[in-house]
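Read the structure below first, then the notes.
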Amino acid sequence: MAETTTAAAPSGTTAMRRRTRPGQTLVPLLFIAIAFVLFCVFFVGPGALGLYYSFTDYRGVGSPRWVGLDNYQRLFADEQFYAVLGRTLTYTVLSVPVHVVVALGIALLLTSAATRFQTVARVIFFIPWLISPIVAGVIWRWLFGENFGLINYLFTVVNLPTQRWETDGNLSLLVLILAGTWGGTAFNMLLFIAALKNIPKSYLEAAEIDGATSSQRFFRIVLPLLRPTMFLVVLLGTLGAMKEFALVQALNGGGPGTQNMFMVQYIYRTGFERAQIGYASAVSMVLMGILVVIAIIQMRFDRREDLA
């Protein structure tokens, strides 16, 4: 009898497999194929072409001539490249913590039981995310213009000295950080709100019963549970800051002069304004390598903390 039951089991499994509809297999494969094709067309293809151009002297017209590692040798001897890279890293190091702190603070405020009109507040804070970076840059340029800006006008009203927002490199970088924080807070805020909603209230209630203060509950319960979301926000913020272009272009154009010219702007000017496609492609490959290294380091650091 047992042998009969055992023998019947495979036949039942086979029958279930035969009853599987063809669409249950074809539809997932179709979606995977579409994603794979788009990935190849918009990432692998341009990436491979850029890698090829980085070994040539291509200038946008004519046939590219193979030059080997000449572009990379020129790149690593270019002082302007190091200046641009240093300014990009400075902007990243300064802006990412500000983005995280502001987004987390707003998320805590909007998830607090004492806050009223939370839905309206979320919509208001989300509006900057819907504005194009070009438009956002123009808005902040109007606000912080030296001769026509609203901020300097308000300074004159209260008898304060006006500031050189456009001709001082450090002040121009400060305005850029403020504009980037204003435009990028909404997305990070939503991530933190979702993470805060998923924290069990029983943890906080138990800690409150045990006599933990609000700051102790935040630093010892809330913040550790937010670490995965914090890691995602820092990673995305770092990659986004290293690739910042549209906001910088609209706000100060990398100025004054080239003091606030970032990596992507340097690639744009070299490739499209100077028609040095090969050299710009080499800079792009170096930037991609830097981003990959940053992502790997952050992921290894996060994994090491998980193991700890």
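Each residue of the sequence shown is one higher than the one before, starting from 1 at the first, in the UniProt record's numbering.
Beta carbons are placed, not taken as given, at the ideal position from N, Cα and C, and that holds for glycine.
Subject >> Where glutamine 265 falls, given that 16 or more other Cβ within 10 Å makes a residue buried >> reply: For the purposes of this step, residue 265 is identified with residue 265 of the sequence shown, where counting begins at 1. Buried is the call here.
Subject >> Nearest-angstrom Cα separation, counted from threonine 111 out to phenylalanine 117 >> reply: Numbered from its first residue, the sequence shown carries residue 117 at position 117. Numbered from its first residue, the sequence shown carries residue 111 at position 111. Taking the straight line joining both Cα atoms gives about 11 Å.
Original post:
DSSP on tryptophan 182, reduced to helix/strand/coil?
Top reply: Numbered from 1 along the sequence shown, position 182 holds the residue referred to as residue 182. DSSP places tryptophan 182 in helix when its eight states are reduced to three.
**OP:** Return the residue from the list Leu89, Leu51 and Leu171 that minimises the CA-CA distance to tyrosine 72.
**Re:** Along the sequence shown, one-based indexing puts residue 72 at 72. Of Leu89, Leu51 and Leu171, the residue nearest in Cα terms is Leu51.
Subject >> Selection from Leu130, Leu251 and Glu166 that minimises the alpha carbon distance to threonine 185 >> reply: For the purposes of this step, residue 185 is identified with residue 185 of the sequence shown, where counting begins at 1. For the residues Leu130, Leu251 and Glu166, the minimum Cα distance to threonine 185 belongs to Leu130.
Original post:
Per DSSP, tryptophan 140 is paired with what?
Top reply: Your numbering for residue 140 matches position 140 in the sequence shown. Tryptophan 140 is not bridged to any residue.
Original post:
Looking at valine 96 and valine 293, is the spacing between their C-beta atoms short of 9 Å?
Top reply: Numbered from its first residue, the sequence shown carries residue 293 at position 293. Numbered from its first residue, the sequence shown carries residue 96 at position 96. Contact: no.
**OP:** Could you give the DSSP three-state label for tryptophan 165: helix, strand or coil?
**Re:** Counting from one through the sequence shown, the residue named residue 165 turns up at place 165. Note: tryptophan 165 maps to coil in three-state DSSP.
Subject >> 9 Å Cβ cutoff met for aspartate 57 and glycine 278 >> reply: Within the sequence shown, numbered from 1, the residue matching residue 57 stands at position 57. Within the sequence shown, numbered from 1, the residue matching residue 278 stands at position 278. Yes, Cβ-Cβ distance for aspartate 57 and glycine 278 is below 9 Å.
Original post:
Does at least one heavy atom of the ligand FMN sit under 8 Å from the Cβ of threonine 181?
Top reply: This structure does not include the ligand FMN; it has no bound ligands of any sort.
**OP:** In the DSSP assignment, find the unbroken alpha helix (DSSP H) run with phenylalanine 155 in it and report its ends.
**Re:** Taking the first residue of the sequence shown as 1, we reach residue 155 at position 155. That run of the alpha helix (DSSP H) goes 150-157.
Subject >> C-alpha gap between alanine 179 and leucine 30, whole angstroms >> reply: Here the question's residue 179 lines up with position 179 in the sequence shown. Here the question's residue 30 lines up with position 30 in the sequence shown. Cα to Cα, alanine 179 sits roughly 41 Å from leucine 30.
Subject >> Beta-carbon contacts of alanine 77 that lie in its chain and below 8 Å, excluding the five residues immediately before and after >> reply: Position 77 of the sequence shown holds residue 77. Once the five neighbours on either side are set aside, alanine 77 has no close Cβ partner at all.
**OP:** Identify whether threonine 56 lies in helix, strand or coil by the three-state DSSP scheme.
**Re:** In the sequence shown, counting from the first residue as 1, residue 56 sits at position 56. Here threonine 56 sits in strand by DSSP.
Subject >> Separation of threonine 119 from isoleucine 151, as counted between CA atoms >> reply: As a first step, residue 151 must be located in the sequence shown, where it is residue number 151. As a first step, residue 119 must be located in the sequence shown, where it is residue number 119. Roughly 30 Å separates the two Cα atoms.
Original post:
Below 9 Å between beta carbons: does that hold for valine 100 and methionine 230?
Top reply: On the sequence shown, residue 100 is found 100 positions in, with the first residue counted as 1. On the sequence shown, residue 230 is found 230 positions in, with the first residue counted as 1. For valine 100 and methionine 230, yes; Cβs fall inside 9 Å.
Subject >> Residues bridged to tryptophan 66 (per DSSP) >> reply: As a working note, residue 66 is residue 66 in the sequence shown. Paired residue(s): Thr56.
Original post:
Run through DSSP, which three-state label would serine 215 get?
Top reply: Position 215 of the sequence shown, counting from 1, holds the residue named residue 215. Correct three-state label for serine 215: helix.
Original post:
To the nearest angstrom, how far is it from the Cα of arginine 122 to the Cα of leucine 196?
Top reply: Here the question's residue 122 lines up with position 122 in the sequence shown. Here the question's residue 196 lines up with position 196 in the sequence shown. Whole-angstrom Cα-Cα distance: 15 Å.
**OP:** Could you check if glycine 68 is buried or exposed, using at least 16 other CB atoms within 10 Å of its CB as the buried criterion?
**Re:** Taking the sequence shown and counting its residues from 1, one reaches residue 68 at position 68. Exposed, by the Cβ-count rule.
Subject >> Assigned secondary structure, phenylalanine 301 (DSSP; H/G/I helix, E/B strand, else coil) >> reply: To locate residue 301, count along the sequence shown from 1; it is residue 301. Residue state, collapsed to three classes: helix.
Original post:
Taking DSSP as the reference, what is the three-state secondary structure of threonine 115?
Top reply: Here residue 115 is taken as the residue at index 115 of the sequence shown, counted from 1. DSSP places threonine 115 in coil when its eight states are reduced to three.
Subject >> Backbone CA spacing between proline 256 and glycine 149 [nearest angstrom] >> reply: Here residue 256 refers to the residue found at position 256 of the sequence shown. Here residue 149 refers to the residue found at position 149 of the sequence shown. Distance between the alpha carbons of proline 256 and glycine 149 is about 16 Å.
**OP:** List the endpoints of the continuous alpha helix (DSSP H) containing proline 97.
**Re:** Taking the first residue of the sequence shown as position 1, residue 97 is located at position 97. First-last of the alpha helix (DSSP H) with proline 97: 79-110.
Subject >> Nearest-angstrom beta carbon gap, valine 135 and leucine 251 [assumed within contact, 8 Å] >> reply: Taking the first residue of the sequence shown as 1, we reach residue 251 at position 251. Taking the first residue of the sequence shown as 1, we reach residue 135 at position 135. That belief does not hold up - the Cβ atoms of leucine 251 and valine 135 are roughly 11 Å apart, past 8 Å.
Subject >> Element boundaries [alpha helix (DSSP H), containing glutamate 208] >> reply: Indexing the sequence shown from 1 puts residue 208 at position 208. Element bounds for glutamate 208: 201-209.
Original post:
Grouping DSSP H, G and I as helix and E and B as strand, with all else coil, what is leucine 160?
Top reply: Residue 160 sits at position 160 when you count from the first residue of the sequence shown. Leucine 160 falls in the coil class under three-state DSSP.
Original post:
Where asparagine 170 and glycine 254 are concerned, what is the direct C-alpha to C-alpha distance, given to the nearest angstrom?
Top reply: The count along the sequence shown starts at 1 and reaches residue 170 at position 170. The count along the sequence shown starts at 1 and reaches residue 254 at position 254. Near 12 Å, if we compare the C-alpha coordinates of glycine 254 and asparagine 170.
Original post:
To the nearest angstrom, how far is it from the Cα of tryptophan 66 to the Cα of leucine 94?
Top reply: The sequence position of residue 66 within the sequence shown is 66, counting from 1. The sequence position of residue 94 within the sequence shown is 94, counting from 1. Approximately 40 Å between the Cα atoms of the pair.
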